[in-house]
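Asker: If you scroll down you'll find the structure; I have some questions about it.
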């Protein structure tokens, strides 16, 4: 169950982003890389080869989160949700014009599973969120969505945040609000927030024990064993937080993108100036 936490209340930075991707560790994925002026990881499990997070050299940013459906539906949607993230990052349209265009081209998202998308342009500071499970487009960082400085979202609708989101937003605010950091200290502080976990959930336990409640309360999900399928899969499947991403956007347009691969315990760092 992925989570996004971001703030614009750190002196010297337009935006600070922390993102956890919770997914099956066996799902084929290419780490973050530059593709046509877009820095993003790539999901290789679907033919669209979309993504859940990315930033362009021109300052477009997008983060996708799945919406957990009440129906318990397990089959994948006809069109991959990751398609729209990559589409926005490559588009030349303004964010709101892009929304109208992508809705038209994707049949109003009827053939996609539930999602929320946080997207916008860093140069103008206009960042929005939309979902195919609720109407309208909202601007991020306003009081109605929980506060002007810190924003959080997970796999529920934006107006019904899970406990992990409320807890994560509080930690992000307490850790970063109004404080001056060196770049490395800020990266470490955000990773610390994104690594906070509920002590009741332990690596190696079954998913069935935690999927309905505990997993909604922990920012970081330790590696769990898939025991939800009957019969169980022939090859052991594991699920949890497999990738953590921190994005820092300095006031002067300098961007730092850091990706942590949890399974490999490796970190990759990119640095560039917005065009």
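In my numbering, the protein residues as written are 88 to 362.
Virtual Cβ for every residue (Gly too), placed ideally from N, Cα, C.
Everything numeric in this text was worked out from a predicted model, so none of it was measured.
Three or more C-beta pairs closer than 8 angstroms, one from the segment 117 to 133 and one from the segment 205 to 214: is that the case here?
Answerer: With the cut-off at 8 angstroms, the segment 117 to 133 and the segment 205 to 214 do not touch.
Asker: Should residue 183 be labelled buried (16 or more other beta-carbon atoms within 10 Å of its own) or exposed?
Answerer: Classification of residue 183: exposed, given that the 10 Å Cβ count is below 16.
Asker: Whole angstroms is fine: what's the gap from residue 127's alpha carbon to residue 236's?
Answerer: Taking the straight line joining both Cα atoms gives about 25 angstroms.
Asker: Alpha carbon to alpha carbon, what distance is there between residue 226 and residue 339?
Answerer: Their Cα atoms are separated by approximately 23 angstroms.
Asker: Cα separation between residue 343 and residue 275?
Answerer: Residue 343 and residue 275: Cα-Cα distance of roughly 13 angstroms.
Asker: Taking 6 angstroms as the limit between beta carbons, can you name the residues of its chain near residue 355, skipping five residues before and five after?
Answerer: Closer than 6 angstroms at the Cβ level, and outside the excluded window around residue 355, lie 346.
Asker: Starting from residue 237, trace the beta strand (DSSP E) both ways and give me its first and last residue.
Answerer: Taken as a continuous stretch (DSSP letters only), the beta strand (DSSP E) holding residue 237 covers 237 to 240.
Asker: Just checking my contact of residue 151 with residue 172 at CB under 8 angstroms: how many whole Å lie between their CB atoms?
Answerer: Confirmed, Cβ separation roughly 5 angstroms.
Asker: Helix, strand or coil, according to DSSP, for residue 190 in the structure here?
Answerer: Three-state DSSP puts residue 190 in a helix.
Asker: Less than 8 angstroms between the CB atoms is what I'm expecting for residue 331 and residue 349, so what's the real figure, rounded?
Answerer: About 7 angstroms; that satisfies the 8 angstroms criterion.
Asker: Would you decide whether residue 105 is buried or exposed? Buried here means 16 or more other CB atoms lie within 10 Å of its CB.
Answerer: Buried: at least 16 other Cβ atoms inside 10 Å.
Asker: Return the CA-CA distance between residue 37 and residue 197, expressed in angstroms with no decimal places.
Answerer: The question about residue 37 has no answer here: the residues shown for the chain are numbered 88 through 362.
Asker: Which value, in whole angstroms, describes the spacing of the CA atoms of residue 221 and residue 154?
Answerer: Their Cα atoms are separated by approximately 11 angstroms.
Asker: Which residue marks the beginning of the beta strand (DSSP E) containing residue 176, and which one marks its end?
Answerer: First-last for residue 176: 169 to 177, but that is the alpha helix (DSSP H), not the beta strand (DSSP E).
Asker: Taking Cβ positions, are residue 90 and residue 257 nearer each other than 8 angstroms?
Answerer: No, the Cβ-Cβ distance between residue 90 and residue 257 is not below 8 angstroms.
Asker: Return the first residue and the last residue of the alpha helix (DSSP H) that residue 278 is part of.
Answerer: It spans 270 to 281 - the alpha helix (DSSP H) in which residue 278 sits, taken as one unbroken run.
Asker: Report yes if the CB atom of residue 148 is closer than 8 angstroms to the CB atom of residue 202, and no otherwise.
Answerer: No.
Asker: Look up residue 88 in the DSSP assignment and say whether it is helix, strand or coil.
Answerer: DSSP places residue 88 in coil when its eight states are reduced to three.
Asker: Tell me the residue span of the alpha helix (DSSP H) that contains residue 253.
Answerer: Residues 250 to 263.
Asker: Near residue 293, which residues of its chain fall below 7 angstroms by C-beta distance, leaving aside the five closest residues on each side in sequence?
Answerer: Closer than 7 angstroms at Cβ, skipping near neighbours: 311, 312 and 314.
Asker: The beta strand (DSSP E) that contains residue 136, what's its start and end?
Answerer: Run containing residue 136: none; DSSP gives neither H nor E here.
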